[in-house]
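**Student:**
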Amino acid sequence: MVQTVGSVPCERFDDLVDQSVKLVRVMSGCQFALGDFALEIAPLRNHGGNMSPAEGEEQGVEDSLRLFAEEIGLSFHTVRTYRWVAARWPKDQRQEGVSFEVHRILASAPDAYELIQHPPVNERTGLSEWSGDAAKRAAGWATATPVTAAEKVEAIRDLAQDEAVAAQAACDLLHRPEVAFKAMRDRQARELVNQAQFDQAELVEEGDEEEDWWDENGAAEEDGIVDPVAIVRGFHRAMEFTDLIGVCQGFVAGASRLVPRLRGREFSESQLALVTRHLEKIRATADWIETAVSTGKVDLDEALAELLRDK
């Protein structure tokens with residue numbers, strides 16, 4: 563049986579890899595060359611700005627790079643990245659056969675020149691060679707595809723920053739007996755579970771929240787007869803409250819994770835306009851929630867309804 567990788571036989575796959583390696587080398591050479599050209603047009607100044615523009619220069623560094631980028635058909639961000647990487651890697655420090663992308667990732671490492679000379683062993687091929695993920699691990703970045711146990715754990719933690727998600731994931735994982743057994747070998751985890759059980763028992767004994775649920779819109783028990791409808795309604799209200807808190811916590815957790823990643827990003831006018839429209843919706847929705855929980859009124863006025871309908 564002929565083995566395949568994707569839609570091609572393994573032999574063809576290996577041939578495509580060999581050709582692609584050659585193309586990557588050519589591409590890396592072009593990227594460094596463009597970076598060198600950008601450096602020639604706008605030399606990278608030392609921190610503190612002690613290198614001033616030449617007298618009579620009409621355009622600043624950014625304007626020069628933007629003009630250069632437009633003339634060659636690339637984005638300003640791309641040209642600026644090429645320039646920065648070329649500056650971080652003088653020609654005598656660039657490693658032949660190592661992609662521009664790996665140079666870019668390792669550029670911010672304090673020992674980059676020494677580090678790049680010692681590629682890690684590729685577990686699949688057994689060869690010492692750089693890849694994008696290997697460079698990210700060496701530079702302390704998060705990898706797109708977790709491989710090691712530590713990376714997989716970190717990826718799970720990142721995805722479970724939302725408390726509602728973390729709680730659901732923990733419940734699902736503890737349904738696996740071998741996982742629950744190993745988890746309970748951790749002293750702190752065992753103590754926290756025991757404390758949570760104690761807190762839950764106290765909550766059930768006090769019964770304050772349950773009484774509030776029953777009494778809010780009529781007693782759950784009248785003349786010694788328990789009203790099952792009131793009980794169900796009470797549980798539904800508790801679930802709705804939990805869902806509302808989960809939505810709020812999910813938004814805050816998501817924003818806390820994403821906003822710091824926007825440092826240095828540039829957005830187009832259309833992107834900024836789109837973000838602004840969504841922020842208006844978020845503010846209006848937050849006001850709607852506040853009104854609903856404070857007054858019990860959940861009706862939408864026409865302006866808010868129109869705003870939320872706008873895609």
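Residue numbers (our numbering): 563 to 873.
We treat Cβ as the ideally placed atom computed from N, Cα and C, and that holds for glycine.
Within 10 angstroms of its Cβ, does residue 741 collect 16 or more other Cβ (buried), or is it exposed?
**Tutor:** By the 10 Å Cβ count, residue 741 comes out exposed.
**Student:** Under the rule that 16 or more other beta-carbon atoms within 10 Å means buried, what is residue 738, buried or exposed?
**Tutor:** Looking at its Cβ environment, which holds fewer than 16 other Cβ atoms inside 10 Å, residue 738 is exposed.
**Student:** On the premise that residue 628 lies in contact with residue 600, defined as a C-beta separation below 8 Å, what is that separation, rounded to the nearest angstrom?
**Tutor:** That pair is no contact at about 11 Å.
**Student:** DSSP puts residue 690 in a beta bridge; with which residues?
**Tutor:** According to DSSP, which records beta bridges pairwise, residue 690 is partnered with 683.
**Student:** Measure the Cβ-Cβ separation of residue 650 and residue 669 and say whether it is below 7 Å.
**Tutor:** Yes, the Cβ-Cβ distance between residue 650 and residue 669 is below 7 Å.
**Student:** Exposed or buried, what is residue 724 when buried is set at 16 or more other beta-carbons lying within 10 Å of its beta-carbon?
**Tutor:** With 16 or more Cβ atoms within 10 Å of its Cβ, residue 724 is classed as buried.
**Student:** Under the assumption that residue 658 contacts residue 694 (Cβ atoms under 8 Å), give the Cβ distance between them as a whole number of angstroms.
**Tutor:** With a Cβ gap of about 18 Å, residue 658 and residue 694 do not count as contacting.
**Student:** Taking the continuous alpha helix (DSSP H) assigned at residue 743, which residues delimit it?
**Tutor:** Taken as a continuous stretch (DSSP letters only), the alpha helix (DSSP H) holding residue 743 covers 739-745.
**Student:** In chain order, which continuous runs of the beta strand (DSSP E) of length 3 or greater are located wholly inside the region 819-861?
**Tutor:** Counting only runs of 3 or more, we get nothing.
**Student:** Let's see if you can read the secondary structure: which residues bound the alpha helix (DSSP H) around residue 657?
**Tutor:** Looking at the DSSP string, residue 657 is not in any alpha helix (DSSP H), and its letter there is neither H nor E.
**Student:** I'd like to check one pair, residue 860 with residue 854: are the Cβ atoms closer than 7 Å?
**Tutor:** It is a contact, given that the beta carbons lie within the stated cut-off.
**Student:** Hey, could you find the ends of the alpha helix (DSSP H) residue 626 is sitting in?
**Tutor:** Unbroken alpha helix (DSSP H) run through residue 626: 623-634.
**Student:** Report, in whole angstroms, the separation of the C-beta atoms of residue 667 and residue 703, which I expect to be a contact under 8 Å.
**Tutor:** Correct: roughly 7 Å between the Cβ atoms.
**Student:** What residue from 630, 566, 642, 685 has the CA that sits closest to residue 826's CA?
**Tutor:** Comparing Cα-Cα distances from residue 826 to each of 630, 566, 642, 685, the minimum goes to 642.
**Student:** Residues bridged to residue 640 by DSSP?
**Tutor:** Looking at the DSSP assignment, residue 640 forms no beta bridge with any residue, so it has no partner.
**Student:** Can you tell me where the alpha helix (DSSP H) holding residue 702 begins and where it ends?
**Tutor:** Residue 702 -> no alpha helix (DSSP H), and no H or E assigned at all.
**Student:** Exposed or buried, which one is residue 803 when buried takes at least 16 other CB atoms within 10 Å?
**Tutor:** Residue 803 should be labelled exposed.
**Student:** Only counting runs of 4 or more residues, tell me where the alpha helix (DSSP H) segments fall wholly within the region 563-605, in order along the chain.
**Tutor:** Correct list: 572-603.
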